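Okay, structure first, notes after.
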Amino acid sequence: MNAVTPDTVEGLLAELDALCIQLHADGDRLCFRPHEAVTADLAARLKTHKAKLLVEVAKRAALDRRMAEQLAQLVPYLTPDGRTVWIHPGHRGWLERHGLL
1 MNAVTPDTVE GLLAELDALC IQLHADGDRL CFRPHEAVTA DLAARLKTHK AKLLVEVAKR
61 AALDRRMAEQ LAQLVPYLTP DGRTVWIHPG HRGWLERHGL L
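Just so it is clear: in the sequence shown, position 64 is 64 by the UniProt record's numbering, and no numbers are missing.
And the structure:
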């Protein structure tokens with residue numbers, strides 16, 4: 001297993017997350033914000049790992065889309081004790097039969 005260091009893509013992504021720097025891709029361009037948070041050293045490392053970072057950014061974007069699609073399917077349900085929970089409509093019957101709602 002590879003160690004996570006500042007010189008690895010994983011380490012660089014962890015550092016960017018800690019600094020609240022967001023990455024996104026615009027075609028083959030790697031974009032980041034806020035720009036003022038990126039030092040010259042960090043910019044050089046971004047450039048060095050650009051190809052791998054673009055792959056990771058694409059993976060994260062795909063995961064975000066899948067999560068958004070799944071969350072969009074949830075509907076609010078008011079439980080008998082007055083709580084509101086968010087469930088997938090297809091699971092309501094099972095949850096009720098097992099006393100979970």
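Positions of the beta carbon are idealized from the N, C-alpha and C atoms, including for glycine. Treat the numbers as computed from the prediction; the structure is a model and nothing was measured.
Item                                                                                                                                               : Value
Quick one: residues in its chain with C-beta nearer than 7 Å to the C-beta of K52, no 5 flanking neighbours on either side, listed in chain order? : V9
May I ask you to report which of helix, strand or coil DSSP gives Q22?                                                                             : strand
So is the beta-carbon of P80 under 7 Å away from any non-hydrogen atom of the ligand MN?                                                           : As presented, the structure is devoid of all ligands, the ligand MN included, so that no description of it is given.
Under 8 Å, do L19 and A37 count as touching if we go by C-beta distance?                                                                           : yes
Does DSSP put T48 in a helix, in a strand, or in coil?                                                                                             : helix
Which word fits R45, buried or exposed, when buried means at least 16 other C-beta atoms lie within 10 angstroms of its C-beta?                    : buried
So L78 and K50 are supposed to be a Cβ contact under 8 Å. How far apart are they, rounded?                                                         : 49 Å between Cβ atoms; not a contact.
Shortest alpha-carbon distance to A72 belongs to which of A58, I87, L13?                                                                           : I87
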